[in-house]
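Read the structure below first, then the notes.
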Amino acid sequence: MVGNEGANKEAKNNGSPKSAAAASSSSSSTCFASGTLITLPNQKQIPIEQLQSGEELLTADGSTIFTTQMVMMLDKNRLSQAIFHTITTTSGHNVSLTELHLVPIIENDNTINYIPAKQIKIGDLLYVMSNGQLVSSTVTNVILETKTGFYAPLTTSGTLFANGIMTSCYANVRSHRAAHLSMGPLRFYHWLAQLLSINEPFGHQNMEGVHVIPKVMYELVHFLYPSALQVS
Numbered sequence: 515m516v517g518n519e520g521a522n523k524e525a526k527n528n529g530s531p532k533s534a535a536a537a538s539s540s541s542s543s544t545c546f547a548s549g550t551l552i553t554l555p556n557q558k559q560i561p562i563e564q565l566q567s568g569e570e571l572l573t574a575d576g577s578t579i580f581t582t583q584m585v586m587m588l589d590k591n592r593l594s595q596a597i598f599h600t601i602t603t604t605s606g607h608n609v610s611l612t613e614l615h616l617v618p619i620i621e622n623d624n625t626i627n628y629i630p631a632k633q634i635k636i637g638d639l640l641y642v643m644s645n646g647q648l649v650s651s652t653v654t655n656v657i658l659e660t661k662t663g664f665y666a667p668l669t670t671s672g673t674l675f676a677n678g679i680m681t682s683c684y685a686n687v688r689s690h691r692a693a694h695l696s697m698g699p700l701r702f703y704h705w706l707a708q709l710l711s712i713n714e715p716f717g718h719q720n721m722e723g724v725h726v727i728p729k730v731m732y733e734l735v736h737f738l739y740p741s742a743l744q745v746s
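Residue numbering for the sequence shown follows this note's numbering, beginning at 515 and increasing consecutively.
Set out below in structure tokens:
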């Protein structure tokens, strides 16, 4: 682990990242830190906790910036603490993610490879939004931080810009692509609900904790295909 002494001391005083996360709320390995700023199509940024189902956001596919939609909040907890990996780039962007949250890095052949936040290291290349343009930026620092509050939004693209850094919506899985395919039924229902003008198709999004739908889906995958999951 690299980073400043204060952050490392904090991590050590709270035990290992795994034990600290276990002591916090369940599903703390799936989220962004509270206060993370999400980019809208007009370039305005809003805190992640203010996202609503159906809201349009910006994302990218590695070459083009385009619009995606907020489907639902998979998990949210305003008061529990969790260990986050805070990643900083040369462009001045930084984002705090729990350890198993997938982040797209740019490989030497310019392909995208999604890896857990805990595997991000200095020198890795990430996609960031700078002055409305999609550019690559090198990771300069990674530290462990304990923060209060976490959120896990799902978008129609499975990606979004968090504090200006392109990130996945998925965690605890080995494949971003497989996770995105598994969320197809949720995206279809979201589309159908909009077509039929159904308000709050996934229930009241102010509820705390893991939403029942992803919870059931996770348990089903854990039972049928456990090797698809990444739990440590």
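Ideal placement from N, C-alpha and C gives every residue a C-beta, glycine not left out.
With distances taken Cα to Cα, identify the nearest neighbour of residue 590 among 580, 565, 639.
-> 565
Proximity below 9 angstroms, CB of residue 662 to CB of residue 602 | no
Start and end residues, alpha helix (DSSP H) containing residue 691 | 690-696
Taking the alpha-carbon positions, what's the residue 660 to residue 710 distance?
-> 42 angstroms
Where the beta strand (DSSP E) through residue 677 begins and ends | Looking at the DSSP string, residue 677 is not in any beta strand (DSSP E), and its letter there is neither H nor E.
Taking only the alpha-carbon atoms, compute the straight-line gap between residue 652 and residue 625 and give it to the nearest angstrom.
-> 15 angstroms
Since residue 697 and residue 672 are thought to touch, with beta carbons under 8 angstroms apart, how far apart are those beta carbons, to the nearest angstrom?
-> 7 angstroms
Residue 704: which of 629, 583, 553 sits nearest, CA to CA?
-> 583
Excluding the 5 residues preceding and the 5 following residue 592 in the sequence, name in chain order all residues of the same chain whose CB lies nearer than 6 angstroms to its CB.
-> 663
Could you check which residue in 649, 668, 645, 611 has the C-alpha nearest to that of residue 634?
-> 611
Supposed contact pair residue 665 and residue 548 - C-beta distance, whole angstroms, cut 8 angstroms | 7 angstroms
Cβ-based burial, residue 504 [other Cβ within 10 Å; buried from 16] = Missing from the structure shown is residue 504; the chain here goes from 515 to 746 and no further.
Buried or exposed: where does residue 682 fall if 16 or more other Cβ atoms within 10 Å of its Cβ makes it buried?
-> buried
Determine the DSSP secondary structure at residue 699, reduced to helix, strand or coil.
-> helix
Classification of residue 616 by the beta-carbon crowding that lies within 10 angstroms, buried from 16 upward | buried
Rounded to a whole number of angstroms, what is the C-alpha to C-alpha distance between residue 606 and residue 647?
-> 15 angstroms
First through last residue of the beta strand (DSSP E) which encompasses residue 630 = 626-630
Which first and last residues belong to the beta strand (DSSP E) in which residue 652 is found?
-> 647-669
Would you report the Cα separation of residue 631 and residue 688, rounded to the nearest angstrom?
-> 12 angstroms
Exposed or buried, what is residue 515 when buried is set at 16 or more other beta-carbons lying within 10 Å of its beta-carbon?
-> Any answer about residue 515 is weak, because its pLDDT of 29 lies below 50 and its placement is not dependable; what the coordinates show is given next. Looking at its Cβ environment, which holds fewer than 16 other Cβ atoms inside 10 Å, residue 515 is exposed.
Would a C-beta distance cut-off of 9 angstroms place residue 588 and residue 668 closer than the cut-off?
-> yes
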